[in-house]
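J.:
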Amino acid sequence: MSKIFIIVLLVMSAITFIIYGLDKRAAKLNVWRTPERRLLLFGFAGGALGGLLGMVFFHHKTRKFYFWLINLLGLTWQIIALYFICSAHIA
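Convert by adding 123 to the 1-based position in the sequence shown; the result is the number in our numbering.
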């Protein structure tokens with residue numbers, strides 16, 4: 124169970140990171156953008172690490188405090204859930 128959860132978080136983070144990169148590219152090209160709600164949802168729903176890395180790496184959405192807030196809240200619940208899943212597996 125813990126391995127599956129870790130894999131899900133890693134895959135979600137990779138997808139979120141890619142979406143941030145694609146949205147930054149779309150912003151530069153002035154074409155269709157990924158809605159902010161979708162970026163936030165992916166970050167909160169399991170891809171917070173990828174969202175935070177995407178923000179920093181691509182310099183994207185870094186001035187919007189709610190992106191930091193939602194991704195950090197997502198990372199917090201993901202770390203807590205990982206802790207409880209892994210500690211239950213060990214016990």
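Quick reminder that beta carbons are idealized off the backbone N, C-alpha and C, glycines included. Because the structure is a prediction, the values reported are computed rather than measured.
1. Tell me the rounded alpha-carbon separation between N81 and L196.
2. Would you call the CB atoms of T157 and I142 closer than 9 angstroms?
3. Taking just the CA atoms, how far does S125 sit from L176?
4. So I193 packs on G166, CB below 8 angstroms; how close in whole Å?
5. Between which residues of its own chain and C209 is the CB-CB distance below 6 angstroms, once the five residues before and five after are set aside?
6. In three-state DSSP terms, what is W155?
7. What residue does the alpha helix (DSSP H) around G174 start on, and which one ends it?
8. With DSSP run on the structure shown, which of helix, strand or coil describes T199?
T.: The answer reads as follows:
1. Missing from the structure shown is residue 81; the chain here goes from 124 to 214 and no further.
2. For the purposes of this step, residue 157 is taken as residue 34 along the sequence shown, with counting starting at 1. For the purposes of this step, residue 142 is taken as residue 19 along the sequence shown, with counting starting at 1. Taking 9 angstroms as the Cβ cut-off, T157 and I142 qualify as a contacting pair.
3. Numbered from its first residue, the sequence shown carries residue 176 at position 53. Numbered from its first residue, the sequence shown carries residue 125 at position 2. Roughly 23 angstroms between the two C-alpha positions.
4. Looking up residue 193 in the sequence shown gives position 70. Looking up residue 166 in the sequence shown gives position 43. Going by Cβ atoms, the distance from I193 to G166 rounds to 6 angstroms, so yes, they are a contact pair.
5. Along the sequence shown, one-based indexing puts residue 209 at 86. The answer, listed in chain order, is S125.
6. The residue labelled residue 155 in the question sits at position 32 within the sequence shown. W155 falls in the coil class under three-state DSSP.
7. To locate residue 174, count along the sequence shown from 1; it is residue 51. Start and end: 171-181.
8. In the sequence shown, counting from the first residue as 1, residue 199 sits at position 76. It is helical.
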